[in-house]
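Asker: Attaching a single structure in structure tokens format; questions to follow.
In the numbering used here, the protein residues as written are 386 to 746.
What follows is the structure, encoded as structure tokens:
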């Protein structure tokens, strides 16, 4: 190919390139605006103000605050003949059953636990039924020359000053004590539910009971040892104790109990009695505890008739898997239906806990 032809071919190629460039430039110049739309979504809301207070639950026929007046010291004079296996507090004139086979002037305590994130005000009230036989005293001390039949019951709430319980009467309010209990927001976390595709705000898994703020309340009693109780068919009044809570309002003047939450918790078993049908097995789940007081296994299971004295080693008649105890059928053969029996569980850190069994069959 001679030089003249080569020059013509290069000129044609250069001309084509210029046309293409001019076309591209013209095309880009035609686009003067643009847009796109992104859909908006709201991830959701979780309510972090949780008002949740675990109040005591009692079964029908509960005897926590049942009491016996003994102003003449008949129990002491007979060395507890009415129940020789029981322990009676010396010098007491009113007795509550504060533990199995144990009677004292102070009742067993009931516990209130704030398991929410916000503070709550809890009110505990007590009053006795109207009683013409026995007057309610304002103090647990009685003058030597006082011969009236009088009963003193004191309401003890947390660390507050003990308050005398009054009898029901027109225009007389029940004795009440209100205290504030702080919440524990650090015990909660946001969670996502794959099924509902929603967020929730819940207590973290494995939080021990001791990680919540709580307090206890109960009654104490005494009666006038110099009083005249000779009236025929003299009757002691029933006492009613009630409790309730509400969110603590800004500016509440109710005293706030000291924080007592801790991450340490000893091993425990639910206090609620287990129904044991001896024709089948019974599963009991223990809490191994948390923090420095936690156990890692169950070491031994023993039987007891009264919750204190051991009657037999039941380890061999139980299947133990982690924190779960399965009691085999046919145990406590000497008990009658309706009797109460106990399992005393020993953990590998030396701590013990007790399970209460109601014999149902």
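Quick reminder that beta carbons are idealized off the backbone N, C-alpha and C, glycines included.
These numbers come from a predicted model, not from an experiment.
Mind checking whether residue 642 and residue 539 have CB atoms under 8 Å apart?
Answerer: Cβ atoms of residue 642 and residue 539: not closer than 8 Å.
Asker: Could you compute how far the alpha carbon of residue 511 sits from the alpha carbon of residue 449?
Answerer: Rounded to whole angstroms, residue 511 to residue 449 spans 13 Å at the Cα level.
Asker: In chain order, which beta strand (DSSP E) runs of at least 3 residues are fully inside the stretch 502-542?
Answerer: Entirely contained in the stretch 502-542, the beta strand (DSSP E) runs reaching 3 residues are, in chain order, 505-513, 535-542.
Asker: Quick check on DSSP: helix, strand or coil for residue 700?
Answerer: Three-state DSSP puts residue 700 in a helix.
Asker: Count the other CB atoms, across all protein chains shown, that sit within 10 Å of the CB of residue 630; report buried if there are 16 or more and exposed otherwise.
Answerer: When all chains shown are included, residue 630 counts as buried.
Asker: Under three-state DSSP, which class holds residue 603?
Answerer: Strand, per DSSP.
Asker: Could you name the residues that DSSP lists as bridge partners for residue 739?
Answerer: Paired residue(s): 729.
Asker: What residue from 604, 516, 571 has the CA that sits closest to residue 589's CA?
Answerer: The shortest Cα separation from residue 589 among 604, 516, 571 belongs to 571.
Asker: Here's the rule: buried if 16 or more other CB atoms are within 10 angstroms of the residue's CB, otherwise exposed. What is residue 490?
Answerer: It is buried - the Cβ of residue 490 has at least 16 other Cβ atoms within 10 Å.
Asker: Is the beta carbon of residue 587 sitting closer than 8 Å to the one on residue 573?
Answerer: Yes, they are a contact pair.
Asker: Report, in whole angstroms, the separation of the C-beta atoms of residue 456 and residue 442, which I expect to be a contact under 8 Å.
Answerer: Actually they do not touch by this definition, with Cβ atoms about 33 Å apart.
Asker: Which two residues bound the contiguous alpha helix (DSSP H) that contains residue 462?
Answerer: It spans 459-462 - the alpha helix (DSSP H) in which residue 462 sits, taken as one unbroken run.
Asker: Count the other C-beta atoms from every protein chain shown that fall within 10 angstroms of the C-beta of residue 690, then say buried if there are 16 or more, exposed otherwise.
Answerer: Looking at its Cβ environment, which holds 16 or more other Cβ atoms inside 10 Å, residue 690 is buried.
Asker: Could you give the first and the last residue of the continuous beta strand (DSSP E) run that contains residue 667?
Answerer: Taken as a continuous stretch (DSSP letters only), the beta strand (DSSP E) holding residue 667 covers 667-670.
Asker: In whole angstroms, what is the alpha-carbon distance linking residue 648 and residue 675?
Answerer: Spanning the two alpha carbons is a distance of roughly 7 Å.
Asker: Which residues bound the beta strand (DSSP E) around residue 573?
Answerer: 573-578 is the extent of the beta strand (DSSP E) around residue 573.
Asker: Spatial neighbours of residue 407 within its chain, please: CB distance less than 6 Å, with the 5 preceding and 5 following residues excluded, ordered by chain position.
Answerer: For residue 407, the predicted structure reports a pLDDT of 47, less than 50, and the residue's modelled location is therefore unreliable. A value from the coordinates is still provided. The answer is none, since no qualifying residue turns up.
Asker: Return helix, strand or coil for residue 590, following the three-state DSSP convention.
Answerer: In the structure shown, residue 590 sits in coil (DSSP, three-state: anything other than H, G, I, E or B).
Asker: Below 8 Å, how does it come out for the stretch 548-564 and the stretch 607-617: are there three or more Cβ pairs, yes or no?
Answerer: They do not touch, by the three-pair rule.
Asker: Just to confirm, is the Cβ distance from residue 668 to residue 711 under 8 Å?
Answerer: Against a cut-off of 8 Å, the Cβ pair of residue 711 and residue 668 comes out as a contact.
Asker: Taking the alpha-carbon positions, what's the residue 519 to residue 728 distance?
Answerer: Roughly 41 Å separates the two Cα atoms.
Asker: Rounded to whole angstroms, what is the Cα-Cα separation between residue 561 and residue 509?
Answerer: Going from the Cα of residue 561 to the Cα of residue 509 covers about 6 Å.
Asker: Whether or not the stretch 738-745 and the stretch 646-663 are in contact is what I'm after, with contact meaning three or more pairs of Cβ atoms, one per stretch, closer than 8 Å; do they touch?
Answerer: Cβ pair count under 8 Å is three or more, so yes.
Asker: Does the distance from the C-beta atom of residue 639 to that of residue 530 stay below 8 Å?
Answerer: No, these two residues do not count as a Cβ contact at 8 Å.
Asker: Excluding sequence positions up to five away, which residues of its chain have a Cβ less than 7 Å from the Cβ of residue 733?
Answerer: Cβ within range, chain order: 680, 681, 682, 684.
Asker: Could you check whether residue 499 and residue 568 sit closer than 8 Å to each other, using their CB atoms as the reference points?
Answerer: The answer is yes: Cβ separation under 8 Å.
Asker: Please state whether the Cβ-Cβ distance between residue 436 and residue 497 is less than 8 Å.
Answerer: No, the pair does not count as a contact, with Cβ atoms beyond the cut-off.
Asker: In whole angstroms, what is the alpha-carbon distance linking residue 583 and residue 427?
Answerer: Taking the straight line from one Cα to the other gives about 11 Å.
Asker: In its own chain, which residues sit with a C-beta less than 8 Å from the C-beta of residue 411, not counting the 5 before and 5 after it?
Answerer: Residue placement at residue 411 cannot be trusted, given a pLDDT of 47 that sits under 50; the coordinates are not used to answer.
Asker: May I ask you to report which of helix, strand or coil DSSP gives residue 583?
Answerer: Strand at residue 583.
Asker: Exposed or buried, residue 760, counting other C-beta atoms within 10 Å across all chains shown (16 or more means buried)?
Answerer: The first residue shown for the chain is 386 and the last is 746, placing residue 760 beyond what the model contains.
Asker: For the beta strand (DSSP E) that contains residue 686, what are its first and last residues?
Answerer: That run of the beta strand (DSSP E) goes 683-689.
Asker: Going by beta carbon distance, what residues of the same chain come within less than 7 Å of residue 548, once the five residues before and after it are set aside?
Answerer: Cβ neighbours of residue 548 beyond the five flanking positions: 539, 540, 560, 562.
Asker: So, helix, strand or coil for residue 544, using DSSP?
Answerer: Three-state result, residue 544: coil.
Asker: How many whole angstroms separate the CB atoms of residue 658 and residue 672, which I take to be in contact at a CB cut-off of 8 Å?
Answerer: So it is not a contact: roughly 17 Å between Cβ atoms.
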